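Student:
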Amino acid sequence: MGLTVETTPVVRATGLGKRFGRHWALAHFDLEVHGGEVVLLFGSNGSGKTTFLRLAAGLYKPSRGTMSVDGHDSVKERLECRRLLTMVAHDNYLYARLTALETLRVWARLLGSPARDSDLVPLLEEVGLAERRRLPVGGFSAGMKKRLTLLRTRLEKPKIVLLDEPFSALDVAGQDLVEGWVERFREEGRTVIMASHNLPRATKLCDRAIALEQGQNVWSGSGSELVEREAKAS
706 MGLTVETTPV VRATGLGKRF GRHWALAHFD LEVHGGEVVL LFGSNGSGKT TFLRLAAGLY
766 KPSRGTMSVD GHDSVKERLE CRRLLTMVAH DNYLYARLTA LETLRVWARL LGSPARDSDL
826 VPLLEEVGLA ERRRLPVGGF SAGMKKRLTL LRTRLEKPKI VLLDEPFSAL DVAGQDLVEG
886 WVERFREEGR TVIMASHNLP RATKLCDRAI ALEQGQNVWS GSGSELVERE AKAS
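Numbering-wise, my numbering comes out as the position in the sequence shown, counting from 1, plus 705.
Here is the structure:
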């Protein structure tokens with residue numbers, strides 16, 4: 706895949722654990738992800754995939770162990786970590802009354818770099834929403850909301866992209882769009898960590914795949930090794 710990686714991990718989890726009440730959603734989890742890698746996390750619902758992404762994004766504090774992003778501690782240096790990454794969650798956190806264009810304006814202002822509409826409309830064209838840019842997003846379909854949410858990765862231009870179920874709710878054209886973006890991120894030297902149930906799509910993109918079960922790493926291998934694993938299991 707023409708992968709060029711950095712020698713120092715940009716994301717490192719050591720003995721990472723997250724507990725909710727008496728339940729450990731993630732336990733004794735170790736992972737190193739290098740710059741330029743595309744890493745897939747897969748497993749059944751509740752296996753710990755989303756919990757890991759939220760820990761990496763600084764949305765959760767670890768109950769045990771440590772997490773660092775580009776050498777910054779995810780708890781002690783949360784703001785520094787946050788500036789380096791973007792997370793697109795499975796749930797779309799959008800303001801229903803705002804239009805698609807207004808949503809992008811708000812995101813741009815929050816980033817401290819207000820953008821002109823002439824810069825934002827081409828992004829909406831890229832995801833097929835330009836003609837609906839003045840409509841409230843509350844009336845959008847799930848797929849349209851996902852396309853809009855994914856544009857955050859283009860606005861923020863992060864070093865690390867965290868994607869939680871990026872293919873869900875999207876039609877074939879939308880899934881093709883996500884594939885193209887992930888390939889572009891790789892070419893730009895960005896790091897991508899994604900959690901996905903869509904293995905046929907995700908396997909084609911990943912350099913490394915990690916299976917989670919009950920909050921633990923139970924298998925890891927390359928994309929081609931995952932294909933072989935799934936073929937044997939079917």
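Backbone N, C-alpha and C define an ideal beta-carbon position, used for all residues, glycine too. Because the structure is a prediction, the values reported are computed rather than measured.
1) Could you give the DSSP three-state label for PRO655: helix, strand or coil?
2) Between PHE872 and the ligand HEM, is there a pair consisting of the residue's CB and a ligand heavy atom that are separated by less than 7 Å?
3) Does the segment 710-727 touch the segment 753-764, meaning 3 or more C-beta pairs lie closer than 8 Å?
4) In this structure, does DSSP put LEU882 in helix, strand or coil?
5) On the DSSP bridge list, what partners appear for SER773?
6) Distance check for ARG837 and PHE845, CA to CA, integer angstroms please.
7) Mapping the DSSP letters down to three states, classify ALA730 as helix, strand or coil.
8) Which complete alpha helix (DSSP H) runs does the segment 823-899 hold, if anything under 4 residues is left out?
9) I'd like to know if the segment 773-786 and the segment 818-831 are in contact, where contact means that at least 3 CB-CB pairs between them fall below 8 Å.
10) I'd like to confirm the pairing. Which residues does DSSP put opposite GLN921 in its beta bridges?
11) What number of angstroms, rounded off, separates the C-alpha of LEU731 from the C-alpha of SER823?
12) Taking all protein chains shown into account, do 16 or more other C-beta atoms lie within 10 angstroms of the C-beta of ASN922, making it buried, or fewer, making it exposed?
13) So if DSSP puts VAL743 in a beta bridge, which residue, or which two residues, is it bridged to?
14) Pick out whichever of GLY879, ARG859, SER925 and THR896 has its Cα sitting closest to the Cα of ARG906.
15) Helix, strand or coil, according to DSSP, for LEU910 in the structure here?
16) With contact counted as at least three CB pairs below 8 Å, one residue from each stretch, are the segment 892-902 and the segment 736-750 in contact?
17) How should GLY776 be labelled, buried or exposed, when 16 other C-beta atoms within 10 angstroms of its C-beta is the threshold for buried?
18) Out of GLU861, ARG839, LEU867 and PRO871, state which residue places its alpha-carbon closest to the alpha-carbon of ALA847.
Tutor: Per the coordinate set shown:
1) With the chain represented from 706 up to 939, any question about residue 655 goes unanswered, as that position is not in the structure.
2) Absence of the ligand HEM from the depicted structure is noted, as is the absence of any ligand whatsoever, leaving it without description.
3) Yes: at least three Cβ pairs fall under 8 Å.
4) If DSSP states are grouped into helix, strand and coil, LEU882 belongs with the helices.
5) Answer is ARG717 and ASP778.
6) CA-to-CA, the gap between PHE845 and ARG837 works out to about 9 Å.
7) It is a strand residue.
8) Fully enclosed alpha helix (DSSP H) runs of 4 or longer: 847-855, 857-861 and 877-892.
9) No, because fewer than three Cβ pairs between the segment 773-786 and the segment 818-831 fall closer than 8 Å, the two stretches do not touch.
10) Beta bridge pairing from DSSP links GLN921 with GLU918.
11) The alpha-carbon atoms of LEU731 and SER823 are separated by roughly 44 Å.
12) Around the beta carbon of ASN922, 16 or more other beta carbons sit within 10 angstroms, so the residue counts as buried.
13) DSSP lists VAL897 as the bridge partner or partners of VAL743.
14) Ranking the options by Cα distance to ARG906, first place goes to GLY879.
15) Here LEU910 carries a helix assignment [DSSP, helix/strand/coil].
16) Contact check between the segment 892-902 and the segment 736-750: three or more CB pairs, one atom from each, fall below 8 Å, which counts as touching.
17) When all chains shown are included, GLY776 counts as exposed.
18) Shortest Cα-Cα distance from ALA847 to any of GLU861, ARG839, LEU867 and PRO871 involves PRO871.
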